[in-house]
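Everything below concerns the one structure shown next.
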Amino acid sequence: MINNWEATYFDFNEEKIMNIARTAAELGIELFVLDDGWFGERDDDRRSLGDWVVNRRKLPNGLNGLAKQVNELGLQFGLWIEPEMVSPNSELYRKHPDWCLHVPNRPRSEGRNQLVLDYSRQDVCDYMIETISNVLASAPITYVKWDMNRHMTEIGSAALPPERQRETSHRYMLGLYRVMDEITARFPHILFESCSGGGGRFDPGILYYMPQTWTSDNTDAVSRLKIQYGTSLVYPVSAMGAHVSAVPNHQVGRVTSLKTRGHVAMSGNFGYELDITKLTETEKQIIKEQVAFYKDVRRLVQFGTFYRLLSPFEGNEAAWMFVSEDQSEALVAYFRVLAEANAPLSHLRLKGLDPNQDYEIEGLGVYGGDELMYAGVAVPHRLGDFISMMWRLKAVQR
Numbered sequence: 001m002i003n004n005w006e007a008t009y010f011d012f013n014e015e016k017i018m019n020i021a022r023t024a025a026e027l028g029i030e031l032f033v034l035d036d037g038w039f040g041e042r043d044d045d046r047r048s049l050g051d052w053v054v055n056r057r058k059l060p061n062g063l064n065g066l067a068k069q070v071n072e073l074g075l076q077f078g079l080w081i082e083p084e085m086v087s088p089n090s091e092l093y094r095k096h097p098d099w100c101l102h103v104p105n106r107p108r109s110e111g112r113n114q115l116v117l118d119y120s121r122q123d124v125c126d127y128m129i130e131t132i133s134n135v136l137a138s139a140p141i142t143y144v145k146w147d148m149n150r151h152m153t154e155i156g157s158a159a160l161p162p163e164r165q166r167e168t169s170h171r172y173m174l175g176l177y178r179v180m181d182e183i184t185a186r187f188p189h190i191l192f193e194s195c196s197g198g199g200g201r202f203d204p205g206i207l208y209y210m211p212q213t214w215t216s217d218n219t220d221a222v223s224r225l226k227i228q229y230g231t232s233l234v235y236p237v238s239a240m241g242a243h244v245s246a247v248p249n250h251q252v253g254r255v256t257s258l259k260t261r262g263h264v265a266m267s268g269n270f271g272y273e274l275d276i277t278k279l280t281e282t283e284k285q286i287i288k289e290q291v292a293f294y295k296d297v298r299r300l301v302q303f304g305t306f307y308r309l310l311s312p313f314e315g316n317e318a319a320w321m322f323v324s325e326d327q328s329e330a331l332v333a334y335f336r337v338l339a340e341a342n343a344p345l346s347h348l349r350l351k352g353l354d355p356n357q358d359y360e361i362e363g364l365g366v367y368g369g370d371e372l373m374y375a376g377v378a379v380p381h382r383l384g385d386f387i388s389m390m391w392r393l394k395a396v397q398r
């Protein structure tokens, strides 16, 4: 997929979006996702959350017109929403100021210039079910990114008496589950991905309704080694969203190669989040090759057995691999963070292979499965920081 967020933030119009979509189609990308800024007067993060009506100044043909243009390019169309939030500067808040979580006679703490809607209230949940359903029914949408960008504070409800205020947080989650249950049931063809400032709400309850989660808003490839490795200890790789973003990275300022960013992101649900219209022809060719390669191996990544080989928490390297159920194919990813002078020759021991089977490693040769698991594969020496390698193994006849 390609998401326009880090390419445009709130500053976009239909022409800019379509330029990104056209470039994405040329690169073989399958899904375009329109992020924050498409509704109300949402030109920044200080207004309009809760006003889920398309901004015709930015998108004169509406969501339906834009989505159809994207579809004509051969891409599916996805959409960002944040249905649990409301901006104080919004029509919804001006009409229903009591619909947010709050404690009477106390200031309402804002986070990212927004407040949390009170999903412990049935009327709020009913309203959001119908409002979001109307949006999703208005265009050929096949993917939704459901965001939640702040912590809950002043957890009180105007709908409950003082002696029952402690029920609010639990009733909020029950209300949220009801909203998610109803919306996902109404739109079974839509793939829902949850997000909460990244993986702030990566949990089994949300995964029941939304089978994948945006793992972290930190898209830096080096940071993601620990983020994705750690997440994999609890949740399957198929649930982790992972994207290639721009450099210098918008969160930490680090510069890593497009190759390394691609290898890290391919170790999850693969996508891009940068302005692909400004790339060089060489960079576009690299992305085109990455997309084609991932299409070829994504079933292995998403449904193969995942093995952790080297922990990024324990040293300068990280590695993991995916093995097909019949052990006939595998994909290995290796990463070295910082270069070392006179570094010793490194051997990476693999896992999960058939010890009685020979495997061909593209570019390296043919080895026995037992050899690869007990002696390991010699890691080629490379100069420089933030190095990555990816090897594909296929079983061959002895």
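With full-length UniProt numbering as the guide, the letters of the sequence shown map in order to residues 1 to 398.
No residue lacks a Cβ here, since even glycine has one placed at the ideal position from N, Cα and C.
Can you check DSSP and say which residues form a bridge with Y359?
Looking at the DSSP assignment, Y359 forms a beta bridge with Y367 and A395.
Determine the direct distance from the alpha carbon of N89 to that of W391, and round the result to whole angstroms.
Distance between the alpha carbons of W391 and N89: 52 Å.
Would you mind sorting D181 into buried or exposed? The rule is 16 or more other CB atoms within 10 Å of its CB.
It is exposed - the Cβ of D181 has fewer than 16 other Cβ atoms within 10 Å.
Out of V252, S109 and I129, state which residue places its alpha-carbon closest to the alpha-carbon of A221.
Of V252, S109 and I129, the residue nearest in Cα terms is V252.
For a test of the three-state rule: what should DSSP assign to H243, helix, strand or coil?
Three-state result, H243: strand.
Should D147 and I190 be called a contact, given that it needs their Cβ atoms to be closer than 9 Å?
Going by C-beta atoms, D147 is not nearer than 9 Å to I190.
Tell me, please, which residues DSSP counts as bridged to N269.
DSSP lists G241 as partners of N269.
Do G37 and D51 come within 9 Å of each other at the CB atom, strictly closer than that value?
Taking 9 Å as the Cβ cut-off, D51 and G37 do not qualify as a contacting pair.
Report, in whole angstroms, the separation of the C-beta atoms of S120 and Y172, which I expect to be a contact under 8 Å.
Sure, about 5 Å apart at Cβ, within 8 Å.
Could you tell me which residues DSSP puts in a beta bridge with N3?
In DSSP, N3 forms a bridge with V33.
Name the two residues that bound the continuous alpha helix (DSSP H) containing A158.
Careful: A158 lies outside any alpha helix (DSSP H) and carries neither H nor E.
Give a yes or no on contact between the stretch 163-170 and the stretch 228-248, applying the rule of three or more CB pairs nearer than 8 Å.
Cβ pair count under 8 Å is below three, so no.
Kindly confirm or deny that the stretch 313-325 and the stretch 355-373 touch, where touching means at least three C-beta pairs closer than 8 Å.
No, the stretch 313-325 does not touch the stretch 355-373.
Measuring only the C-alpha atoms, how far is L338 from Y229?
Taking the straight line joining both Cα atoms gives about 18 Å.
Inspect the CB distances between the stretch 130-144 and the stretch 98-105 and report whether three or more fall short of 8 Å.
They do not touch, by the three-pair rule.
May I ask you to report which of helix, strand or coil DSSP gives F202?
Coil, per DSSP.
Mapping DSSP to helix, strand and coil, what is H170?
In the structure shown, H170 sits in a helix (DSSP, three-state: H, G or I).
Under the assumption that V379 contacts L331 (Cβ atoms under 8 Å), give the Cβ distance between them as a whole number of angstroms.
Not a contact, Cβ separation roughly 16 Å.
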